[in-house]
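Colleague: Before we start, here is the structure in question, set down as structure tokens.
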Amino acid sequence: MACPFFLLQYADDTLVFCTADSHTLGVLHLTLQLFSRISGLEVNLQKSSFIPYNVSEEVCSFVSQLFRYPRTELPLLYLGLPLTVSRPSRSGFQPLLEKIDKKLAGWKAKLLSRAGRLTRGGGQRISLLAWDRVCLPRVHGGLGLIDFSLHNKALLLRRLWKLYTDRSSLWFKVTNILLATQRGCKSPSLWITEGSFFWRDLRSLFPLFQLSTRIQVQASTDTSFWYDNWDGKPLLFLTKSEARPPRPRICLKEGLARIVEITPLPHTLNSHDIISNAPLAFHPVGSDLAQWVWTTDRIFSVASTYKALSSAGKLKSPFMWIWKLHVPPSLKLFLFLLSCDRVLTRQQLSKRGLHTQSGCDFCSSTDLEDNLHLFFTCPFSASVRRRLQIMFQTPCLLSSVSTRQALLSLFLTNNLSRLQSTVLATSLYAIWLERNNRVFRDSSRSVQNLVDWIIVEANDFLRVL
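The numbers in UniProt numbering rise by one with no breaks, and the one at position 396 of the sequence shown is 396.
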């Protein structure tokens, strides 16, 4: 009589899953005894335990006497995470959160620069940008930080991919037992909506998975007539579920053979449309192959999926040149904030409810200090730029109506050399530092002294970076 055991092993830990009947438990106990006699290794009773689930107290007492292991109840911690058969509660993750808090406290994020916070993932009290903008890829105008919600979707889609492509994996075997064998199917029934919380969450991503895959038909027996994208248009798998027939498990080969009998078809489709998009011939040998549309080799990858999810419907940013400049990360981050009009001038502070005195610290203007005036139209900033123009032939700034337009006019309308772009970028940062010195330290430098400092810093950047 066969005794099914399922094993999960990590390092020197082994989890054994089995039914709680006397025969199966006896075979397991005998197996462990034989292993000990042959290898000379003994099971550590202090580190071992048994976990009953839907088992009577009588059986639990029998297991305790047979194995002499202590009894443990679910949920429990395994590899630092809560192990349970139901959705983990928030309190179950509390030990992990406390561990992360201790790590973050050691980083002393308050002492880091903005670029350091970007690297470390820390925060600051005044939010400079919306989190959605920060998580956009740089090519779309963001900072490229990971959006954990989208990244989690990409990781979950890998589970669906394995159900289609890796039938030898433990994940496929477990899912096949739980969702297919019990319902008399040959493969996991991906359209089944009931099940555990994890399966329901995974199932909610199935429409996205369908849009991201195309089936290369071979024998056509592994492909769903209704649910898989086998024609590349797509047609059937995008139709509403209520329009589908009562036999959703029909395979492609059977569906095409009985197309006239399948009723009702969605009103937007007819038999001729479906047959015209069907494969011309089937291969009697070979399994149908799933192809991932977001990669050139048609094989799933988390990176390609995350890139597709984060870039969907987004326009390319005209400020990618910022990240290619030969300046330190802190200066690149400053220019990025300037391109978003988010440098904390008095106007930006006022928008956040922090009201200060109006006016520019460089000139006699009484208007509220904003990014366009401070960096581009202020006479002091213009004087710095004119002197650099004489020395390095940097472009002059024509009239601009916004900070973004002014930046693009300076950096993109001319074919700048590496030296010119570095000098221009350094000059903008120098103006910001000089402004802060006048506001917070009550110290100032002349235009010429500031220009000399810019030249020294720009040369250092070019030499080191």
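C-beta atoms are modelled at their ideal positions from N, C-alpha and C, and glycine is treated no differently.
Distance, Cα to Cα, Q124 vs A382?
Modeller: In this prediction, Q124 scores a pLDDT of 49, lower than 50, which makes its location untrustworthy; the coordinate-derived value is nonetheless stated afterwards. The straight-line gap from Cα to Cα measures roughly 32 angstroms.
Colleague: Would you mind sorting E369 into buried or exposed? The rule is 16 or more other CB atoms within 10 Å of its CB.
Modeller: Buried, since its Cβ has 16 or more Cβ neighbours within 10 Å.
Colleague: Taking a contact to mean a Cβ-Cβ separation below 8 angstroms, would you say V327 touches F461 in this structure?
Modeller: Closer than 8 angstroms, so yes.
Colleague: In terms of alpha-carbon separation, which member of V293, N371 and E457 lies closest to A308?
Modeller: The candidate whose alpha carbon is nearest that of A308 is V293.
Colleague: List the DSSP bridge partners of T213.
Modeller: According to DSSP, which records beta bridges pairwise, T213 is partnered with W292.
Colleague: What are the partner residues of V16, as DSSP defines its beta bridges?
Modeller: Partner(s): L7.
Colleague: Using a Cβ-Cβ cutoff of less than 8 angstroms, which residues in the same chain neighbour R418 once the five nearest sequence positions on both sides are dropped?
Modeller: Here the set comprises H326 and L462.
Colleague: Look at W199 and F334 and say whether their C-beta atoms are less than 8 angstroms apart.
Modeller: Taking 8 angstroms as the Cβ cut-off, W199 and F334 do not qualify as a contacting pair.
Colleague: Below 8 angstroms, how does it come out for the stretch 447 to 462 and the stretch 419 to 427: are there three or more Cβ pairs, yes or no?
Modeller: Touching, per the Cβ criterion.
Colleague: In the DSSP output, which residue or residues are listed as bridge partners for R71?
Modeller: F50, per the DSSP bridge assignment.
Colleague: Rounded to the nearest angstrom, how far is the Cβ of H140 from that of K332, given a contact under 8 angstroms?
Modeller: H140 to K332, Cβ: 17 angstroms. No contact.
Colleague: For P395, name the three-state secondary structure that DSSP assigns.
Modeller: The answer is coil: DSSP assigns P395 none of H, G, I, E or B.
Colleague: According to DSSP, is L83 helix, strand or coil?
Modeller: Strand at L83.
Colleague: Under the rule that 16 or more other beta-carbon atoms within 10 Å means buried, what is E73, buried or exposed?
Modeller: That one is exposed.
Colleague: What does a CB cutoff of less than 8 angstroms around E42 pick up in its chain, not counting 5 residues either side in sequence?
Modeller: If we look at E42 and ignore the five residues flanking it on each side, its Cβ neighbours are S36.
Colleague: Based on DSSP bridge pairs, tell me the residues matched to Y78.
Modeller: Paired residue(s): L81.
Colleague: Does the Cβ of F17 have 16 or more other Cβ atoms within 10 Å, making it buried, or fewer, making it exposed?
Modeller: It is exposed - the Cβ of F17 has fewer than 16 other Cβ atoms within 10 Å.
Colleague: For N437 and G359, I'd like the C-alpha separation in whole angstroms.
Modeller: Their Cα atoms are separated by approximately 16 angstroms.
Colleague: For V384, which three-state DSSP category applies?
Modeller: Looking at V384 - three-state DSSP - the assignment turns out to be helix.
Colleague: Return the chain-ordered list of same chain residues with a C-beta closer than 7 angstroms to the C-beta of L397, the five sequence neighbours on each side being excluded.
Modeller: Around L397: F376, R385, A406, S409 and L410.
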